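Numbering (our numbering), first residue to last: 122 to 401.
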C-alpha cells in the first residue's frame, strides 16, 4: 500500500514516525490528529493522582539513567551512592542481581535507529541493543511499571513490532556491516518490579513480513485523513483530550494504569543528526 501523501494530507513530508505516535493513531486517530497535526495543548491530566504519576515518571527516568551509565562502564559503587529513593533502590538492586542474563557481549545503550517507511521515516530510541556479530542480537527494554504488563498486551503494542523491524532494516552497522536476519533477533522486556518475569519475543521472516505490511498500511492511513475518534472508549481514560472529545472529565486512576498507556519515552528527545540508518 502506498504511503504517498495525497493533496489532502495534513502531515509534513519530513514527519518522523515512531512507536509512540503510531500507537497513538492505533489507539485513536483523533488523538493523533490533536497531538501531532494540530498540536493542541489541552490542559488536562492523563492520570490521577497527578503528583504520584509525576513521581513515578521521575523514578523511571532515574532508573534509565542508571542502567545507561552502568552499561557504559561506570562502576556500580559510585552509581549506588546516588540512589536515595526507596523504589529506585529496589529496582537498582534487582537490576544488579537479577538483570537480564546471557546478553551478547557488544552493548549499545540509548541508541537511535531510523529507516525509510514509504515516503516517511520510522525512528526509535532503544534502551539497549546487545549484539554478538554474525550470531544474534537482543533488544532490551526497561520497564518500571508497578504492574507486570500482560503478554497479550505487549504482543499488540507497536513497540514490539517497530523495534525488531528497525533493527533488521537499520542495524547492519552493529553486525559487521551485514543486515541481521530476523531469526537472529530477540526482544526482551525486563520489569524492574518483577525481575524474574521478563517477557521475551523471538522474531522471524514471517513476522517481519507481517510487521512491514502492517506498518506500511498504518502509515498509509495516517497520511490520508480523516481522523475519527476511537470507538473503544477504554482508550479515553488516560487521554488528555477526553473532555475535548466529550468522552469524560476525570483522569484515569494511577493504580490501574498499564505502563504503556502513557508510553515510556520520559521526555527523551531524539537527536536526528546522530541517527544511524541504512537506506534501501
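For glycine and all other residues, C-beta sits at the position ideal for the given N, C-alpha and C.
Keep in mind that this is a model prediction, so the values were computed, not measured.
Let me check understanding here. Comparing Cα to Cα, which of 146, 306, 353 and 368 lies closest to residue 346?
146
Leaving out five residues on either side along the sequence, give the residues of the same chain with a beta carbon under 6 Å from the beta carbon of residue 227.
252
Identity of the residue in 216, 192 and 240 nearest residue 136 by Cα:
240
Quick check: what's the CA-CA separation for residue 321 versus residue 231?
20 Å
Check for me: the beta strand (DSSP E) holding residue 258 runs from which residue to which?
257 to 264
Looking at the secondary structure, which residues open and close the alpha helix (DSSP H) in which residue 317 lies?
Not the alpha helix (DSSP H): residue 317 falls in the beta strand (DSSP E), residues 315 to 323.
Residue nearest to residue 311 in terms of C-alpha spacing, selected from 204, 184 and 140:
184
Can you tell me whether residue 208 is helix, strand or coil according to DSSP?
helix
Just reading off the alpha helix (DSSP H) that residue 242 is part of, what are its end residues?
Here residue 242 belongs to no alpha helix (DSSP H); instead the beta strand (DSSP E) covers 241 to 253.
Any contact of the region 279 to 289 with the region 298 to 315, i.e. 3+ C-beta pairs under 8 Å?
yes
Would DSSP call residue 283 helix, strand or coil?
helix
Does the distance from the C-beta atom of residue 292 to that of residue 245 stay below 8 Å?
no
How many angstroms separate the CA atom of residue 162 from the CA atom of residue 352?
23 Å
Do you know offhand how far residue 314's Cα is from residue 269's?
8 Å
Is residue 323 near residue 287, with beta carbons less than 8 Å apart?
no
DSSP three-state call for residue 231: helix, strand or coil?
strand
From 303, 210 and 319, residue whose alpha carbon lies closest to that of residue 275
319
Tell me, which residues are paired with residue 137 by DSSP?
242
Check residue 157 in the structure and name its three-state DSSP category.
helix
Please name the residue, chosen from 243, 348, 201 and 225, that lies closest to residue 407 on a Cα-to-Cα basis.
The chain is shown only over 122 to 401; residue 407 falls outside these bounds and no answer can be derived.
Could you give the distance in angstroms between the alpha-carbon of residue 132 and the alpha-carbon of residue 186?
33 Å
DSSP three-state assignment for residue 213, whether helix, strand or coil
helix
If you check the beta carbons only, do residue 151 and residue 349 fall under 8 Å apart?
yes
Which residues in the same chain have their Cβ closer than 8 Å to the Cβ of residue 272, if we skip the five residues on either side of it in sequence?
320
Secondary structure of residue 335, DSSP reduced to three states:
helix
So, are the CB atoms of residue 192 and residue 249 less than 8 Å apart?
yes
If you drop the 5 nearest sequence neighbours on each side, which residues of the same chain put their C-beta closer than 6 Å to that of residue 303?
289, 324, 325, 326 and 329
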